[in-house]
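What follows is a set of notes on a single structure, which appears directly below.
Residue numbers (the working numbering), protein chains in the order written: chain A, 24 to 460; chain B, 24 to 460.
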């Protein structure tokens, strides 16, 4: 490469830089979720970004494989970047079971990578926030994940949500009754499309797969009735109350009623989570003000996942928040808050000789809990004020040779253009605090 | 693979799982640093983990290349995982200069990957926390990074630190005087070893490279004198005060004196940062109580880095905290704090029928700011109490059929074994708060 040939500062398609405003939003969002998780007694973990390909893909195969970033490292190891936080968690549990004990509640906020098509606003690098309870197959754990979905979304400002749940076992029993086990993948895909293409087109699609009579049966099955109790009665009528999932749905929905929060939840048999590895209850959640962006937090019960790595039975239930989709939604709904935390006071730079003094003033302000920064060099005041304006800094400190010699400084309110002269250090801090209030 | 063949849940060498205690420590550490950065007006950014190999390695070459995780993705793109946070930041600045404006202060806490030898406690996946000021070549920015190094370490509990600084330009001028420009890499390596092998062995090494007379000159040059002023006088005597770095060192060290914090800092000409890309001041920092673990926060001024991507002159200065080394040090010094945030109240599970009630009780506690969790299923009380003990939960709520019917519950203090019976919801919350105080 010749020295004068620049490299274009581009990044691969589907990857993104996060500028301060957006990264502040993401950090704030994760921090709010962390506070919720801590209230629920969930503990944080972390796992490597790179795992052995065998560990990540041993089971997955097919559809997933093509999307995985997989390569051979220097040591000849077949490795891959994680594509979700669930498979690494299953591996983690098999490896650390005796250390963490059961039941174990974990949360994990981290990036995952999928080399999928970048159309339709999908990214190849995105952040997920997962929370799971493992070591119990109880209704209580299922309910707790539902509650946590609601609390998490509420903490982010989304109070009006519709969290929808169903049971994969009930759905499978229904398909078995229709003799459609073999077409289950196609049926699941058709149902997943319903929200987008509408009931009539779904009926046509299902008729092609399973015939018009079964298409009608399936649409009857997945319809949400006027109350959870009516939906449950219908499902019970179709598959019989001997199906384990029926009891689970009854138990969880009656607890939601009892807790007087049933309004945020709906038993919705059309929720299946497509091809995911769920075996019991499944969850999706929609924002009341933006239902069209799809589910922002989804999950379910997976009773067989860790069986790839251990003979110990490790039932689990959890959900995952799609942070990127949620951030897009929050921006659309104006829930993004005040933007990045920014310096509140700019100490102007007038004289090289006063370098130490400027930083002393800034340190004194920081010591009082006020964000402060020193403009880093002597430039025209207009340039320094323009910097404050661009960064939204409301106050400036001015200190020239004479003021420094007298041990004082001037505080300027850049909003009102008021000046407060001759302030001693303690008065400066007090005045700044008063003006920032 | 046969179904009954388990996959070993192992992870590649040099990679680690973080269990809750350690991950809580790491999250807490990053959060404390974030608070410091915000007080200094630094803004968070994020960049992709995968970049085009050309972008990351265009310049680096040689030594770095072998350590980089680099591969061809599905689309035939030559990509690599970032090995530090500085090169991506240079690329970020070239791409987003007009959006962020100058001067720009950024921090970034994220993982980086290097496939290096895992001996000597090195990891292949580790977290760095970087902070930089770009767009100015001023002494003020150099000083600010030094202050921020001190404040960052103090926020993590390390009050006794020795932050050492020097100037690469002064060192280069010195080597030029000796006619040793061509041997500079070997000389830098020998000096870097001094802390480990001692002065005499370093003298022998330098004598082999540059002859005994120059070895003596170099050891004279890098020796720390009794005061920064004396060290500076010596350096000035050797290279002359026409060298730009001499003025910079004088300016920064006098400001540190003026701010009355010079005790935490030392002008130390033996600090060179080896082969790094620094062009001006260089920094390292050592813990007063654990100097042997080496520098826990290092950095310097790099005035040429972004020139790979843009013709715009983008001077910068920054430092990087090695979070893993620091965590090891904090553990050794007992500075790790109280461990993971844990549930403070366990609601025992006695009756399946009371599922909703148990979660109502937990929700009421959480609403009052008290972490609470429900034991997820009906098990022997001994098992539930053992869980509370393992997790360090001090309080338990007991509520059976009769109590539920009467709208009350019992609170047990698992430390004192005291019981408080017949508590209405509001009293339960109040009592729990009182006992947790």
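Glycine residues also receive a C-beta, built at the ideal position from the N, C-alpha and C atoms. Values in this document were obtained by computation on a predicted structure and should not be read as measured data.
Proximal residues to residue i (C-beta, below 8 Å), its chain only, five neighbours per side dropped
i	result
residue 439(B)	none
residue 287(A)	173, 184, 185 and 186
residue 100(B)	75
residue 179(B)	52, 55, 56, 349, 353 and 358
residue 264(B)	270
Own chain residues within Cβ distance below 6 Å of residue i, not counting five before or after
i	result
residue 37(A)	141, 146 and 147
residue 445(A)	431
residue 81(B)	331
Length of the line joining the Cα atoms of residue i and residue j
i	j	result
residue 253(B)	residue 307(B)	20 Å
residue 45(A)	residue 155(A)	27 Å
residue 399(B)	residue 448(B)	21 Å
residue 315(A)	residue 222(A)	16 Å
residue 420(A)	residue 373(A)	11 Å
residue 109(A)	residue 153(A)	8 Å
residue 435(A)	residue 330(B)	38 Å
residue 209(B)	residue 232(B)	7 Å
residue 367(B)	residue 68(B)	35 Å
residue 294(A)	residue 215(A)	8 Å
residue 291(A)	residue 228(A)	20 Å
residue 35(B)	residue 95(A)	12 Å
residue 211(A)	residue 297(A)	6 Å
residue 176(A)	residue 335(B)	44 Å
residue 305(A)	residue 325(A)	9 Å
residue 363(B)	residue 47(B)	Residue placement at residue 363(B) is poorly supported in this model, since its pLDDT is 46, which falls under 50; the coordinates are not used for a value here.
residue 238(A)	residue 161(A)	33 Å
residue 128(A)	residue 386(A)	41 Å
Span of the alpha helix (DSSP H) around residue i
i	result
residue 381(A)	378-390
residue 239(A)	207-245
residue 57(B)	43-62
residue 335(B)	No alpha helix (DSSP H) holds residue 335(B); DSSP gives it neither H nor E.
residue 199(A)	191-201
residue 451(B)	448-459
residue 170(A)	162-178
For residue i, three-class secondary structure by DSSP
i	result
residue 367(A)	coil
residue 425(B)	helix
residue 321(A)	strand
residue 85(B)	Its pLDDT being 49, under 50, residue 85(B) is placed unreliably in this model, and the coordinates cannot settle the point.
residue 401(A)	coil
residue 288(A)	strand
residue 445(A)	strand
residue 463(B)	What is shown of chain B runs 24 to 460, which leaves residue 463(B) out entirely.
residue 410(A)	helix
Proximity of residue i and residue j at Cβ, strictly below 8 Å
i	j	result
residue 61(A)	residue 394(B)	yes
residue 158(A)	residue 413(B)	no
residue 319(B)	residue 344(B)	yes
residue 346(B)	residue 52(B)	yes
residue 278(A)	residue 392(B)	no
residue 171(B)	residue 43(A)	no
residue 332(B)	residue 113(B)	yes
residue 323(A)	residue 271(A)	no
residue 133(A)	residue 340(A)	no
residue 115(A)	residue 135(A)	no
Terminal residues of the beta strand (DSSP E) in which residue i lies
i	result
residue 433(A)	432-436
residue 418(B)	418-421
residue 95(A)	93-95
residue 74(A)	73-75
residue 280(A)	Careful: residue 280(A) lies outside any beta strand (DSSP E), inside the alpha helix (DSSP H) at 267-281.
residue 309(A)	304-310
residue 100(A)	Counting along the chain, residue 100(A) falls outside any beta strand (DSSP E), and DSSP gives it neither H nor E.
residue 153(A)	148-157
Close Cβ partners of residue i (< 7 Å) along its chain, the five nearest in sequence each way excluded
i	result
residue 32(B)	none
residue 542(A)	Within the shown structure, residues of chain A are numbered from 24 to 460, placing residue 542(A) beyond reach of any answer.
residue 266(B)	192, 193 and 196
residue 313(A)	352, 355 and 356
residue 78(B)	114
Contact test: residue i Cβ vs the ligand SAM heavy atom, cutoff 7 Å
i	result
residue 407(B)	The ligand content of the structure shown is nil, which means the ligand SAM is not present either.
Amino acids of chain D, ordered along the chain, whose beta-carbon sits closer than 9 Å to that of residue i
i	result
residue 170(B)	Judged by its chain identifiers, the structure shown contains no chain D, and its protein chains are A and B.
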